[in-house]
Each structure stands twice: as structure tokens, then as C-alpha cells.
Amino acid sequence: MRESFVPEDIARKLRVYTRMREDKLQVASTHVQHMQKALILMNMRMPEVLSQTHGASGLAMIEAILAGERNPERLLGYCTTSLIKNKGRDILLALEGNYREEYIFELLQSYESYMFYLSQVSKCDTETQKILEEYSSSSNKNYSDNHPIKPIRHNKPKIDHLHDLLLGIHGANPTTLPGLTDYNLMRLTAELGNNIKQWPSVKNYVPWLGLSPGKHQSGKMNKRSREKAATRAGQISKQVAQSLILSKQPRLGAFSRRLKARKGSGIAMKATARKLAELYYRIFDKGMVELRQE
1 MRESFVPEDI ARKLRVYTRM REDKLQVAST HVQHMQKALI LMNMRMPEVL SQTHGASGLA
61 MIEAILAGER NPERLLGYCT TSLIKNKGRD ILLALEGNYR EEYIFELLQS YESYMFYLSQ
121 VSKCDTETQK ILEEYSSSSN KNYSDNHPIK PIRHNKPKID HLHDLLLGIH GANPTTLPGL
181 TDYNLMRLTA ELGNNIKQWP SVKNYVPWLG LSPGKHQSGK MNKRSREKAA TRAGQISKQV
241 AQSLILSKQP RLGAFSRRLK ARKGSGIAMK ATARKLAELY YRIFDKGMVE LRQE
């Protein structure tokens, strides 16, 4: 059995809100699929021409349809200029559909459910901000640097000064690691707290995450052990690793892509997540100066 880990009380409070936020986002994503289904039933192929049906342009067109607009050219006007320039003709063709009453009703129900869960996510962010401010002020770890803040491309929390709050909690800037954004760091903070020394060494930390290789060697005999499922913190590391595999990031990203070509995406993602976890630990163990020299 994996040894249990109980972070300090304020980290446990943060964990409740961040996990709740993830649950709401997951449910919201199912209603996006329901919106896509309703559009396809209407013979409107928006999911095929838009990368995100629930993006700004997609939602604007859906809201216009629900308000009674049926003209494809007018609906196209709700898209961004770049989208009209690059995909205008395809979108016009995709907007030619049938507006049956039952399908419009299904689209309305799915849209309202999606917006409801987004409002729930926003309420979680409000409570999370209070916890982060309390956590940062109680940590007494004043820290600042000039490293650029990475953009959060999806599911960005509505939390003011999130980057500064996280630096104040940790007294370091782990977002200098490849692929790690403030959003990922907030989730890791909720799972692990701000005292990495609760694990005596990186060799204790990585297996606890569930990211160590599931292989045992004795002499010339190699055999795989039954792997433990990754903890939530380990799963977050895997998500960051997956983004590196899909990116053009040189060092760690290049390592993950080479390994994917040889061993497959599953092994590459786990191995990259393990390297990320080791770097995350060493940032607090050795500091950024020593880390850059490795």
C-alpha cells in the first residue's frame, strides 16, 4: 500500500476547491458534447470546422441561433476576423442546416447546462482566491523574479495575481520548468502543500507519485511489477508531460518525442512526467541556480 500523505490544513482547504473545480469542468465538457450532438442533428457541421465549439466564436453563434437567427451570413459575422478570413467559406457551408424545434430545444438545454457549470467554476475560483491569499500571507516566503508569466490557454482560473500568490506560497518559481503554468502549479500546491521536504529525497517523492518505472531486474532477469496508479499530483505531472510531447519544446520536449517514437506515447508520457517531478523537487531542494547548472 502507498503511504498516506496529509498536507497542512490550509492546503487541504485549497485541495477541496481545486478538485471541485476540476469536477465541474469535467461535467461542463460533457455538455459541450451534447451541444455538438444537437448541432450535428441539425446538419450543422460546426464541430468539424471549429477547433472549439465552446470557444468565443462558437458560443456567439450558438447564442444567436437560440435567439432566432437563421441566416448563415449573419451568423458568420459573430466569428472573429481571423476565423472569417481563414475558414469563412467552410463555416458558411457548415451553417446550412435544419432548425427543427426539438433540436433547438436540445441545444438550448445543453447550452444552459454548460453555462451553469461555468458559473459554478467561477464560484470555486472566488473561494480559491481567498485561500491562496491566506496561504501566501501565512507562508512568509517573499519571492519575486523577472521570468515571464506563461499563458494559460485552457480553463484559466479567474484569480487576481495568481502568479504572485503562488510565488509567495512557495518562495520559488517552479513555473520556470518546461510546460508548467500557474494553473498546474496551483493544482500541485493543493495536492502537495508547500513543503516538499516531507519526502526525505527525490527517490521517496517520485515513487509516491506513482511515476517510477514498473520494472525489476535481478541478474539477467527482467520482469515488470504491477504498477500503482498515479496519485492526483502524478496525474497532473502526466498532463504537463503530454503537453510537452505535443509541443516544440527542445530539451525535455525533444526527449519525450524521441522516446515516444521508440516506446510509444504511454511510456514517453510517464518517463517525461518522472523527469518533471524530479526537477520540481530539486527546485525546492537545491534552488534555481544549482538547477540551471545541472
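Residue numbers (UniProt numbering): 1 to 294. By construction, the Cβ of each residue, glycine as well, lies at the ideal position given by its N, Cα and C atoms.
In this structure, DSSP gives E48 a helical state, which the three-state scheme calls helix.
In the DSSP assignment, W208 falls within the unbroken alpha helix (DSSP H) covering V202 to L209. Residue range D9 to L41 is occupied by the alpha helix (DSSP H) that includes V32. In the DSSP assignment, E73 falls within the unbroken alpha helix (DSSP H) covering P72 to L76. Just measuring C-alpha positions, the residue of L95, R89 and L59 sitting nearest N43 is L95. For C124, the enclosing alpha helix (DSSP H) covers residues E101 to S139.
Restricting attention to T175, L180 and S138, the CA atom closest to the CA of N146 is found in T175. Rounded to whole angstroms, W199 and P213 show a C-alpha spacing of 19 Å. Between the region 167-185 and the region 122-139, the count of C-beta pairs closer than 8 Å reaches three or more; the two stretches touch.
By the CB criterion at 8 Å, K270 and L209 fall outside the cutoff. Distance from the CA atom of L244 to the CA atom of E101, rounded to whole angstroms, is 44 Å. Secondary structure of E69 (DSSP, three-state): coil. Straight through space, the alpha carbons of K238 and S256 are spaced by roughly 12 Å. The continuous alpha helix (DSSP H) containing Q235 extends over residues R232 to I245. Residue nearest to L180 within the set K197, L162 and K150 is K150 (criterion: CA-CA distance). Here DSSP, grouped into helix, strand and coil, assigns N194 to coil. In the three-state DSSP reduction, L165 falls in the helix class (H, G or I). Classified as exposed, L93 has fewer than 16 neighbouring CB atoms from the shown chains inside 10 Å of its CB.
Contact annotation, A277 with Y183: C-beta distance approximately 17 Å; criterion of less than 8 Å not satisfied. Judged by DSSP in its simplified three-state form, I62 adopts helix. Contact fails between the region 64-75 and the region 20-28, because fewer than three Cβ pairs, one in each stretch, are under 8 Å apart. Of the candidates L39, T18, I10 and K286, the residue whose Cα lies closest to the Cα of Q109 is L39.
Boundaries of the alpha helix (DSSP H) around E278: S265 to K286. Residue environment analysis places V32 among the buried positions, since at least 16 neighbouring C-beta atoms fall within 10 angstroms of its C-beta.
Look at N184 here: in three-state DSSP terms it is helix. Two segments are said to touch when three or more pairs of C-beta atoms, one from each, lie closer than 8 Å; by this definition the region 72-91 does not touch the region 7-22. Nearest in C-alpha terms to S122, of all of G58, D160 and G97, is D160. Under the three-state reduction of DSSP, G55 is assigned to coil, being neither helix nor strand.
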